[in-house]
Amino acid sequence: MKHLVIFFVLLILFDTTAAYSQESDASARSKNKENVVKVIVFGDSLVAGFGLGEEHTFKKALERKLESVGYDIVRVLDGTFTGLTTQLALERVQIVLDFNPDIVILALGSNDAFSKKNPQDTYSNLANILQTLQRNNVKILLTGVKLPKGAHPQYQDKFQSMYEYLADKYKIELYPNILKDIAGNTDLTLADKIHPNQAGMETIVNNVYPHLELILFRQFKEIILQEKRKEILKKQY
Numbered sequence: 059m060k061h062l063v064i065f066f067v068l069l070i071l072f073d074t075t076a077a078y079s080q081e082s083d084a085s086a087r088s089k090n091k092e093n094v095v096k097v098i099v100f101g102d103s104l105v106a107g108f109g110l111g112e113e114h115t116f117k118k119a120l121e122r123k124l125e126s127v128g129y130d131i132v133r134v135l136d137g138t139f140t141g142l143t144t145q146l147a148l149e150r151v152q153i154v155l156d157f158n159p160d161i162v163i164l165a166l167g168s169n170d171a172f173s174k175k176n177p178q179d180t181y182s183n184l185a186n187i188l189q190t191l192q193r194n195n196v197k198i199l200l201t202g203v204k205l206p207k208g209a210h211p212q213y214q215d216k217f218q219s220m221y222e223y224l225a226d227k228y229k230i231e232l233y234p235n236i237l238k239d240i241a242g243n244t245d246l247t248l249a250d251k252i253h254p255n256q257a258g259m260e261t262i263v264n265n266v267y268p269h270l271e272l273i274l275f276r277q278f279k280e281i282i283l284q285e286k287r288k289e290i291l292k293k294q295y
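This is the structure we're talking about:
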């Protein structure tokens, strides 16, 4: 409950005026009148900064990454909290939509696996979340999770293939394994060897970022180029 309250508070702190269309740059430009691309990170403890301070959440690490590459038009909102399952996320997806996101980074499923939820239920929940987001013209970056070796082996193949199938079915960008380079690496994880430490969170963001950049440029290239032109003109005069 504490993390859910934090989730609401963090969202309320941000402006909510940008809107998204995945059909074309023209429609994105007409709806996104402030030339701001709003990204919401909607996920569980793997991206919520479990055991870390606020400055080391996925949101904060992504903000730093975007700033370093010059994406000033992107605003990142935090919709993460520890313990989030796909069922809870499905019940709360409308809350995310109330903030008019252009892009949602969906990082869910690990809690389902570790609590031994039926993979079919996880699939159904994720499919319903994806359908709801797409009905509202939200572009999606889905992150899968490959469980560490020896952890619930009966789930390994089912979970891996589930994310790939969903990405193909709904034609969305997929980062297959959010724990790539992380799980089992004591230099990048907390004592449990699963949750990322500060360096691990930066690694996750660096791994995921190229997939987000594809969406940004594919869907919002005109907005991005327009802002870059403004920056160039400011420097010239």
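So the sequence shown is numbered by our numbering: it starts at 59 and just counts up by one. Quick reminder that beta carbons are idealized off the backbone N, C-alpha and C, glycines included.
The beta carbons of Ile236 and Leu188 sit about 17 Å from each other, so the pair does not count as a contact at 8 Å. Under the Cβ criterion (8 Å, minimum of three pairs), the region 140-156 does not count as touching the region 116-124. In the DSSP assignment, Leu166 falls outside any alpha helix (DSSP H) and carries neither an H nor an E. Beta-bridge analysis with DSSP links Lys197 to Ile161. For the region 213-278, the full-length beta strand (DSSP E) segments reaching 3 residues or more read 231-233 along the chain. Each residue's CA atom was taken as its position, placing Thr143 and Asn176 some 12 Å apart.
Going by C-alpha positions, Asn243 is about 19 Å away from Phe172. In this structure, the alpha-carbon of Val132 lies about 14 Å from that of Lys197. Within the region 101-155, the alpha helix (DSSP H) runs of at least 4 residues that lie entirely inside it are, in chain order, 103-106, 116-127, 144-155. Taking the Cα positions, Glu271 is about 18 Å away from Val105. With fewer than 16 other CB atoms across the displayed protein chains lying within 10 angstroms of its CB, Asn264 is exposed.
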